[in-house]
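Trainee:
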Amino acid sequence: MSDANVTKTDVVLVGAGIMSATLGALLRLVEPDWSITLIERLDGAAAESSDPWNNAGTGHSALCELNYTPEQADGSIDITKAVTVNEQFQVSRQFWAHAIENGVLADARSFINPIPHVSFVQGAERIDYLRRRREALVHNPLFAGMEFIDTPDEFARRLPYMAAGRDFSDPVALNWATDGTDIDFGSLSKQLIGYGVTNGTTALFGHEVRNLSKRSDGGWTVKVRNRRTGADRKIETRFVFVGAGGDALPLLQKSGIAEAKGFGGFPVGGQFLRTSNPAVTAGHQAKVYGFPPLGAPPMSAPHLDTRFINGKQWLLFGPFAGWSPKFLKQGHFTDLPLSIKPNNLASMVGVGLTQMSLVNYLLSQLLLSEADRVDMLRDFAPTAVDSDWDLSVAGQRVQVIKPAKGKGGTLEFGTTVLSAADGSIAGLLGASPGASTAVPAMLEVMQRCFGDRYAGPWQSKLKEMIPSLGTPLSDNPALFDEVWAWGTKVLGLESDSTARDPEPVTLS
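Shown next, in the form of structure tokens:
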């Protein structure tokens with residue numbers, strides 16, 4: 002290959018979703034002179050998992066997701082995971098507010114909207130759990146506004162679509178958090194990438210990374226193919242971030258880094274019922290999460306969600322699982338078999354032998370008819386009419402299979418950052434709460450891979466962007482009130498219950 006087909010850049014970002022978009026913006030802000038190249042195999046940004054139709058759009062802050070607050074054997078409620086996820090979301094929220102104030106993002110309402118987050122249960126035993134869940138959470142400042150609701154009249158006032166036709170002889174209850182959000186991660190990604198390109202980032206759309214090879218100087222040579230012309234080129238770089246969604250695992254495997262050995266992935270598709278009928282959407286202004294079906298994985302918790310997409314209000318209900326061996330919605334049927342390597346075979350087999358409940362769940366989901374799906378919706382909304390709803394195919398998720406001594410492998414339902422020991426390459430695997438925690442995840446990448454700069458010259462700049470950086474807000478209620486009020490105002494999320502009067506945070 003001639004020198005004309007070899008270019009040099011400081012940073013390569015693989016994938017144009019929320020992770021690469023976030024890391025690109027953060028690096029551009031702390032190192033404005035660095036050269037950054039973004040490579041995306043499709044012809045537009047955020048066309049896979051970050052597209053608003055390919056995810057639930059929940060600003061995941063553990064306000065309504067019951068799997069983050071498990072009941073222990075002694076009857077206590079473990080809120081550790083909920084607090085961790087909420088703390089992570091607060092970091093993202095602060096960065097978005099800073100980005101709005103400083104012109105990195107142009108339009109908050111195009112990507113974030115206020116909407117209550119609600120947990121919904123039926124039956125006396127689960128109502129008792131929900132009451133104890135609220136009691137366990139409400140003493141933490143991050144959850145102080147959460148309400149417990151168990152009267153039919155108040156249920157009907159807040160959720161009229163779900164109350165219509167309901168037989169309240171089967172008792173119901175809610176945990177209600179007013180301060181939730183709906184997020185269009187596609188719009189957010191495009192704005193962040195747009196900021197990068199305006200300030201010097203090179204974006205190569207319709208280009209696919211074919212291989213990654215380590216150079217003798219510690220950097221990487223990235224082989225890239227133009228999918229339109231078939232032309233190949235090489236890009237030499239000091240640092241690679243693989244934020245390619247489901248395709249991250251195969252690319253990290255190609256890199257040969259020791260840290261990726263033993264890891265596998267299992268793809269799971271998603272589907273949602275959706276409606277934009279104003280007569281339906283007007284009666285439901287919330288994201289309402291229930292318990293996963295018996296034996297189903299945490300990610301399968303049913304939820305009835307208000308969504309704002311391209312300026313229009315929708316309701317989505319799901320998720321319903323689909324299955325394909327593809328690692329991306331626009332991937333290849335060979336993705337799963339080609340990801341099985343000698344070093345991860347034990348992990349894959351170990352999970353296969355221990356996750357029969359997941360296999361049975363997937364099989365039962367694949368057999369559902371359209372009428373079956375609407376029947377499941379009627380557990381939430383008894384008067385749901387089939388003709389109001391159509392089926393939308395969402396994105397592919399690749400659940401992480403981690404190597405585990407003595408077990409072969411374990412199936413993970415969160416997100417995992419992998420990075421080489423020398424910090425020259427990193428990638429992100431996994432799914433929910435993923436996008437909502439993009440900022441802390443990318444800060445972790447920066448700290449791992451650029452440790453000296455992160456602790457040195459970047460620290461003051463990052464503290465300007467994220468005033469609480471390094472300080473758990475759970476332990477500092479005054480700081481939480483301050484950054485919350487500032488972010489709420491800047492992002493336009495004020496309502497009667499969220500508007501507060503403290504002075505804005507001083508970003509200096």
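Residue numbers (the numbering used here): 2 to 509. All C-beta atoms, glycine included, are put in the ideal place defined by N, C-alpha and C. In this text the structure is predicted, and so the values were computed from the model without any measurement.
1) Expressed to the nearest angstrom, what Euclidean distance is found between the alpha-carbon atoms of SER1 and GLN397?
2) From the DSSP output, which residues share a beta bridge with ASP233?
3) Between which two residues does the alpha helix (DSSP H) harbouring HIS61 extend?
4) With DSSP as the reference, identify every bridge partner of GLN314, one or two as the case may be.
5) How far does the beta strand (DSSP E) with TYR595 in it reach, from first residue to last?
6) Please go through the same chain and pick out, in chain order, the residues whose beta-carbon is closer than 6 angstroms to the beta-carbon of VAL241, but skip the five residues on each side of it.
7) Taking 7 angstroms as the CB-CB limit, is ALA98 close to chain B?
8) Can you check whether the CB of PHE309 is closer than 7 angstroms to the CB of LEU67?
9) Check whether the Cβ atoms of ARG250 and SER348 lie closer than 7 angstroms to each other.
10) Taking one C-beta from the stretch 116-131 and one from the stretch 174-185 each time, how about it: are there three or more such pairs within less than 8 angstroms?
11) When you compare the CB positions of SER21 and GLY244, do they come within less than 7 angstroms of one another, or not?
12) Write down every uninterrupted run of the alpha helix (DSSP H) in the stretch 352-433 whose length is 4 residues or greater and which is fully enclosed by it, in chain order.
13) Among residues of its own chain, excluding the 5 on either side of ASP380, which ones have a beta-carbon nearer than 6 angstroms to its beta-carbon?
14) Are GLY270 and GLY231 closer than 7 angstroms when you measure CB to CB?
15) Between the stretch 470-478 and the stretch 81-92, can you find at least three pairs of beta-carbon atoms closer than 8 angstroms?
16) Quick check on ALA83: buried or exposed, where buried means 16 or more other Cβ atoms within 10 Å of its Cβ?
17) Within the same chain, show all residues whose beta-carbon is closer than 7 angstroms to that of PRO294, passing over the 5 residues directly before and after it, in chain order.
18) Looking only at C-alpha atoms, which of SER111, GLY332, THR282, PRO142 sits nearest to PHE318?
19) In three-state terms, what does DSSP make of VAL12?
20) My output table needs one value for HIS99: the three-state DSSP class, helix, strand or coil.
21) Taking DSSP as the reference, what is the three-state secondary structure of PHE481?
22) My output table needs one value for PRO441: the three-state DSSP class, helix, strand or coil.
23) Alpha carbon to alpha carbon, how far is GLY488 from TYR69?
24) Alpha carbon to alpha carbon, how far is GLY247 from LEU480? Give it in angstroms, no decimals.
25) Contact between the stretch 273-282 and the stretch 37-44 is defined here as three or more beta-carbon pairs at a separation below 8 angstroms; is this criterion met?
26) Sorted by chain position, which residues of the same chain lie with C-beta nearer than 8 angstroms to LEU252's C-beta, five sequence neighbours on each side aside?
27) Locate the beta strand (DSSP E) running through PHE156, then write down its first and last residues.
28) Is it true that the CB of ALA395 sits closer than 7 angstroms to the CB of PHE273?
29) Between the Cα of LEU419 and the Cα atoms of ALA164, ASP453, GLN254, which residue gives the shortest distance?
30) Could you please give me the residues that DSSP links to PHE328 through a beta bridge?
31) Applying the criterion that 16 or more other CB atoms from any shown protein chain within 10 Å of the CB defines a buried residue, is HIS140 buried or exposed?
32) Go through its chain and collect everything with a Cβ distance to THR23's Cβ below 7 angstroms, but skip five positions before and after it.
33) Could you give the residue range of the alpha helix (DSSP H) that holds ILE19?
34) Give me the Cα-Cα distance between SER498 and ARG158, rounded to the nearest whole angstrom.
35) Taking DSSP as the reference, what is the three-state secondary structure of ASP44?
36) Tell me the DSSP secondary structure of VAL105 in three-state form.
Mentor: This is what the structure gives:
1) A question about residue 1 goes unanswered here, because the residues of the chain that appear run from 2 up to 509.
2) Your numbering for residue 233 matches position 232 in the sequence shown. The partner list for ASP233 (beta bridge, DSSP) reads ARG226.
3) By one-based count along the sequence shown, residue 61 stands at place 60. Taken as a continuous stretch (DSSP letters only), HIS61 belongs to no alpha helix (DSSP H), as it is neither H nor E.
4) Start at 1 with the first residue of the sequence shown, and residue 314 comes out as number 313. DSSP lists PHE309 as partners of GLN314.
5) Residue 595 is absent from the model: the chain starts at 2 and stops at 509.
6) Mapped onto the sequence shown, residue 241 falls at position 240. Answer for VAL241: VAL13, TRP221, ILE426, listed in chain order.
7) Annotation note: the requested chain B is absent from the structure, which comprises a single protein chain.
8) As a position in the sequence shown, residue 67 is number 66, starting the count at 1. As a position in the sequence shown, residue 309 is number 308, starting the count at 1. Not in contact: LEU67 and PHE309 (Cβ atoms no closer than 7 angstroms).
9) Along the sequence shown, read from residue 1 onward, the residue named residue 250 stands at position 249. Along the sequence shown, read from residue 1 onward, the residue named residue 348 stands at position 347. It is worth fixing the name first, because residue 250 is Leu in this sequence and not Arg. In this structure, SER348 does not lie closer than 7 angstroms to LEU250 by Cβ.
10) yes
11) As a first step, residue 21 is located in the sequence shown; it is residue number 20 there, counting from the start. As a first step, residue 244 is located in the sequence shown; it is residue number 243 there, counting from the start. Yes.
12) 357-367, 371-378
13) The residue labelled residue 380 in the question sits at position 379 within the sequence shown. Within the same chain, ASP380 has no close Cβ partners at all.
14) Indexing the sequence shown from 1 puts residue 270 at position 269. Indexing the sequence shown from 1 puts residue 231 at position 230. No. Outside cutoff.
15) yes
16) Within the sequence shown, numbered from 1, the residue matching residue 83 stands at position 82. Buried, since its Cβ has 16 or more Cβ neighbours within 10 Å.
17) Position 293 of the sequence shown, counted from the start, is the residue given in the question as residue 294. Contacts found: SER301.
18) Position 317 of the sequence shown, counting from 1, holds the residue named residue 318. When each option's Cα is compared against that of PHE318, the closest is THR282.
19) Translated into positions along the sequence shown, residue 12 becomes position 11. Strand.
20) Translated into positions along the sequence shown, residue 99 becomes position 98. Of the three classes helix, strand and coil, the one that applies to HIS99 here is helix, per DSSP.
21) Working through the sequence shown from its first residue, we reach residue 481 at position 480. Residue state, collapsed to three classes: helix.
22) Taking the first residue of the sequence shown as 1, we reach residue 441 at position 440. It is helical.
23) Indexing the sequence shown from 1 puts residue 488 at position 487. Indexing the sequence shown from 1 puts residue 69 at position 68. Rounded to the nearest angstrom, the two C-alpha atoms are 24 angstroms apart.
24) The residue given as residue 480 occupies position 479 in the sequence shown. The residue given as residue 247 occupies position 246 in the sequence shown. C-alpha separation (whole angstroms): 37 angstroms.
25) no
26) The residue given as residue 252 occupies position 251 in the sequence shown. Taken in chain order, the residues that qualify are VAL15, VAL210, LEU213, VAL243, ALA245, GLY428.
27) Translated into the one-based positions of the sequence shown, residue 156 becomes position 155. PHE156 -> not in any beta strand (DSSP E); alpha helix (DSSP H) instead, spanning 153-159.
28) The residue given as residue 273 occupies position 272 in the sequence shown. The residue given as residue 395 occupies position 394 in the sequence shown. A contact, by the Cβ cut-off of 7 angstroms.
29) On the sequence shown, residue 419 is found 418 positions in, with the first residue counted as 1. Answer by Cα proximity: GLN254.
30) Numbered from its first residue, the sequence shown carries residue 328 at position 327. DSSP, once it has assigned bridges, lists no residue as partnering PHE328.
31) Position 139 of the sequence shown, counting from 1, holds the residue named residue 140. Exposed, since its Cβ has fewer than 16 Cβ neighbours within 10 Å.
32) On the sequence shown, residue 23 is found 22 positions in, with the first residue counted as 1. LEU193, ALA439, VAL440, MET443.
33) Sequence index remark: in the sequence shown, residue 19 carries index 18 (1-based). Taken as a continuous stretch (DSSP letters only), the alpha helix (DSSP H) holding ILE19 covers 19-31.
34) Counting from 1 along the sequence shown, the entry for residue 498 is found at position 497. Counting from 1 along the sequence shown, the entry for residue 158 is found at position 157. Caution applies to SER498, whose pLDDT of 43 falls short of 50 and renders its modelled position unreliable; the model cannot decide the point.
35) Here residue 44 refers to the residue found at position 43 when the sequence shown is read from its first residue. Here ASP44 sits in coil by DSSP.
36) Position 104 of the sequence shown, counted from the start, is the residue given in the question as residue 105. Here VAL105 sits in coil by DSSP.
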